[in-house]
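Colleague:
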Amino acid sequence: MVAKNAGQPATPADLINVDDVIGRYYDAVPDPSNPEQRVIFGTSGHRGSSLKTSFNEAHIVAISQAIAEYRKKAGVTGPLYIGRDTHALSGPAQRTAIEVLVANGVRVRVDSRDDFVPTPVVSQAILTHNRAEDGTQRFTGDGLADGIVVTPSHNPPTDGGFKYDPVTGGPAPADVTNAIAERANELLGSYRSVKRIPYEQATTSDLVERFDYREHYVADLGDVIDFDTIRSSGVRLGIDPLGGASVHYWSLMNERYNLDIDVIRPDVDPTWRFMTIDHDGKIRIDPSSPYAMKGLVDELNSGAWDRYDLVGGTDPDADRHGIVCPNWGVMNPNHYIAVCVEYLFGGHRPGWPKTSGIGKTLVSSSLIDRVAASIGATLVEVPVGFKWFVDPLFTGKVAFGGEESSGMSFLRRNGRIWTTDKDGLIPDLLAAEITAVTGKNPAQLHQAQVERFGESWYSRVDTPTTLEQKRKFASLSGDAVTATTLAGEDITAKLTEAPGNGAPIGGLKVTTKNNWFAARPSGTENIYKVYAESFVSPEALDKVLAEASTVVDKALAD
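The sequence shown maps to residues 595 to 1152 in our numbering.
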């Protein structure tokens, strides 16, 4: 259900008290016996709010100590690259982490400008550090690096987040995060006994090293994006960093590649008072949401389009992207993925391995399936979470990984690895490249795809739930669906494992020829999500959602 104030400008009542949020980070102490106040690693690390005593100093002390112990046990002896986004809690949490890591003798690489560092930039730094002399990646031996990104991604301003990237540079697999979370929860009740070094002392020690993240990342971008074509075409790209960590990266791109990217709304404000309210009535900094982006779209439609051919956006840690086109608005991430894969796999990346496939999460649109089939590309469907793309990107099983929540990454133009975490900057730049090469913006190319493959209607419904109900999803099976049809079509599959890798999906997906739904719990919030799509009609989509709701309600009640 969409909130009444969705798409409306934020009011004073919607804004956080930054001092209170930070104060509670230090003052509130979690109760380890309360499941909602323990350390819980979802698909992208531990997230919570200091106001709910689910993201506080105690959590970060315990997690940082657990990471220090894990990397020692794993034989990771190189530096740990650490970055943070622009959320109010990210600065304090990074300080806490450095105090604990240095006390454990860990070399920590911080930004040389004391600036924000996007998620993909940390991934790229780790992978570059761990590259062998022949250009391949190494995962064993001395001096390997890992990293931490302090971010709750697009979550509301009250929230904090903390995620660990192992030597693979992407989200840690479940066995690693489970081990870290288990140890952190053992430490949580006695976090004050964990050894720390005062921040000022830690940052002046030899263990804290300055690293120019921005220069390192931007200097490498020419291996990923065709800047020559963008520059010569005259495509006018606007970028709204949404007050996030990418804010200072675009100007360096202009300088290094002689571009003319215009940064819209370059202000950083941890209250995000300039945002419009998202679908759930909260300030949620999601560049792919038409509600969160309505303020920007309204400004563009009021005359600002005279300055741009298209506009891109990134979220606070720049691992998500948003594409806005004239006479269209914000593109659905599924639609943009379909445009990207047809462009990238349709002859514009000749240096990519010929056998590499297209990676997609199983809740992404079936339009991608139809596009992949039309160009003879292999489709690799995995569970939700970008961690499932890490190994396939390394091995070359996929050259592109994308998910419906506007996250993607892809290989360098020469077929080498770029990042193994989501990168919100390169999709925005790729939109400019696509426009420069084809003469059409991504929305126009999507319309052409609809004419060839059919129009679909897609929706995601979030429903509040409990931790106990979330656990029940893991035991769902195809037997939970006794029906033989879905929205009038014969059911063709009842999936609890992803077709691309056989991994459990943590829920259920049911498909027909032209319809499907998937249900799974959120890894970071007490909600479950039902995704659905129909290539038949909006009415058919409503039927799919209604029948999906019946299945889920019955399963959770058992």
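Just so it is clear, CB atoms sit at the ideal spot from N, CA and C, and this is done for glycine as well.
#1: Using 8 Å as the Cβ pair cut-off and three pairs as the minimum, do the region 1054-1061 and the region 1069-1086 touch?
#2: If you count every other CB in all the chains shown that lies within 10 Å of the CB of D861, and 16 or more means buried, which is it?
#3: Is it buried or exposed, G828, if we count other Cβ atoms within 10 angstroms and call 16 or more buried?
#4: For N650, count neighbouring Cβ atoms within 10 angstroms of its own Cβ and tell me buried if that reaches 16, exposed if not.
#5: For V918, does the count of other Cβ atoms within 10 angstroms reach 16, so buried, or fall short, so exposed?
#6: Since G996 and G953 are thought to touch, with beta carbons under 8 Å apart, how far apart are those beta carbons, to the nearest angstrom?
#7: Compare the beta carbon distance of G1018 and P714 with 9 Å and say whether it is the shorter of the two.
#8: With H, G and I counted as helix, E and B as strand and the rest as coil, what does DSSP make of R850?
#9: According to the neighbour-count rule (16 or more other Cβ atoms, all chains shown, within 10 Å of its Cβ), is A1097 buried or exposed?
#10: Nearest to G601 by alpha carbon, out of N698, S959, G875 and E693?
#11: Out of Y937, E893 and H640, which has the shortest C-alpha to C-alpha gap to V924?
#12: Tell whether a beta-carbon distance below 9 Å holds between G763 and D1073.
#13: Within the chosen definition, does the region 653-669 reach the region 691-699 through at least 3 CB pairs nearer than 8 Å?
#14: In the DSSP output, what is L1102 paired with across the bridge?
#15: In terms of DSSP beta bridges, what is R703 paired with?
#16: Below 7 Å CB to CB, which residues in the same chain sit around E1027 once its five sequence neighbours on both sides are set aside?
#17: At which residue ranges does the region 1025-1075 contain complete beta strand (DSSP E) runs of 3 or more residues, listed in the order of the chain?
#18: Please confirm whether V633 has its beta-carbon closer than 9 Å to some beta-carbon of chain E.
#19: In the DSSP assignment, find the unbroken alpha helix (DSSP H) run with V918 in it and report its ends.
#20: Can you tell me the Cα-Cα spacing of V1130 and N1108, whole angstroms?
#21: I want to know whether the region 670-685 touches the region 622-640 - three or more CB-CB distances under 8 Å.
#22: What are the uninterrupted segments assigned as beta strand (DSSP E) that are 3 or more residues long and contained completely in the region 886-945, given in chain order?
#23: Given this structure, state the Cα-to-Cα distance separating Y793 from A726, to the nearest angstrom.
#24: Just verifying my parser: in three-state terms, what is the DSSP assignment at V716?
#25: Which same chain residues end up closer than 7 Å to E1083 when comparing Cβ atoms and leaving out the 5 residues on each side of it in sequence?
#26: Pick out whichever of G737, R1046, S958 and A1113 has its Cα sitting closest to the Cα of V1055.
#27: Smallest Cα separation from I654: which of Y620, V670, T671 and S627?
Modeller: On the basis of the data shown:
#1: no
#2: exposed
#3: exposed
#4: buried
#5: buried
#6: 7 Å
#7: yes
#8: helix
#9: exposed
#10: G875
#11: E893
#12: no
#13: yes
#14: A1113
#15: Y675 and E803
#16: I819, D820, T823 and I824
#17: 1051-1058
#18: Of the protein chains in this structure there is only one, and it is not chain E.
#19: Here V918 belongs to no alpha helix (DSSP H); instead the beta strand (DSSP E) covers H915 to C919.
#20: 7 Å
#21: no
#22: 904-908 and 915-919
#23: 34 Å
#24: helix
#25: T1106, K1107, N1108 and N1109
#26: A1113
#27: Y620
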